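Numbering (my numbering), first residue to last: 548 to 803.
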């Protein structure tokens, strides 16, 4: 957004003419103070031009109208207020939010609707501590869905490191077949074979970070000699024969 010390009429006639699809008037604060918003690149160009004649030009990083243009809804929304999927016939108005605060939460009904609609069974619990994961699993068990148990990811867990919890959830998501099933179903990737054939059981233990560089004994000796070419007593190592160790040193016969 760009704050200008200009009238609304001046802005419309001198600035916005021809670029109404990119920039528009966002706020009229006073007869001679107007704020415009729109495409960031266009706003920067306007600021550079106006700063010569109008030094009181101020740019603020706030919302832009173009970002909030209405788009067609694609994601399904299941409400624990009505216990079902929200559609165009359900008004999400003041009464809805009052019911959300006042009446019983229909979480079980909402999860049941998700299971019946065969929505991808991956859940992310955003809470200070997981307490609905068990409820979700019980809902799947009661609806005979043991063969496709849900993947429940956590964001926080009491008395545990937050970063470790988040990274663990990320690893679970990455290695889960739920995600890859959806990937193969939505793309033409080897449709003949079963996607389960492309995955093996991932190890659940911590990776061993020990060195596993295998080489012969002679090669190991040579690398060590190259790393420490000078011995404090024997002096310079000579790599004439890899099977025998030879050093070259100067001896002063005049020393006592």
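No residue lacks a Cβ here, since even glycine has one placed at the ideal position from N, Cα and C. Since the structure is predicted, the reported quantities are computational estimates derived from the model, not experimental observations.
Residue 795: member of the beta strand (DSSP E) spanning 793-795, first to last residue. Per DSSP, residue 672 is one residue of the beta strand (DSSP E) stretching across 669-672. Residue 657 counts as buried, since no fewer than 16 other beta carbons sit within 10 angstroms of its beta carbon.
Within the segment 629-699, the complete alpha helix (DSSP H) runs of at least 4 residues fall at 641-649, 654-663, 680-689.
Boundaries of the alpha helix (DSSP H) around residue 597: 587-600. Collapsing the DSSP output to three states places residue 715 in a helix. Rounded to the nearest whole angstrom, the CA to CA distance from residue 558 to residue 590 is 13 Å.
From the listed residues 700, 662, 708, the smallest Cα separation to residue 687 is found for 662. Inclusion of residue 701 and residue 724 in the CB contact set at 8 Å is not warranted, their separation being larger than that value. Short of 7 Å from the beta carbon of residue 626, and not among the five residues preceding or following it, lie these beta carbons of its own chain, in chain order: 633, 657. If you ignore the 5 residues before and after residue 674, its C-beta comes within less than 6 Å of no other C-beta in its own chain. Bounds of the beta strand (DSSP E) holding residue 574 are 570-577. Counting C-beta atoms within 10 angstroms of its own C-beta, residue 756 has fewer than 16 neighbours from the protein chains shown and is therefore classed as exposed. DSSP, read as helix, strand or coil, puts residue 763 in coil. In the displayed model, residue 785 falls within a strand according to three-state DSSP.
The same chain holds no residue with a CB closer than 7 Å to that of residue 753 once the five nearest residues on each side in sequence are set aside. Contact between residue 563 and residue 570 holds: their C-beta atoms lie close to 6 Å from each other, under 8 Å. By the C-beta density criterion, residue 646 is exposed, having fewer than 16 other C-beta atoms within 10 angstroms. Spanning the alpha carbons of residue 637 and residue 653 requires a straight line of approximately 16 Å. Here residue 551 really is in contact with residue 581; their C-beta atoms are around 5 Å apart, less than 8 Å. Annotated as distal: residue 697 and residue 678, with beta-carbon spacing of 8 Å or more.
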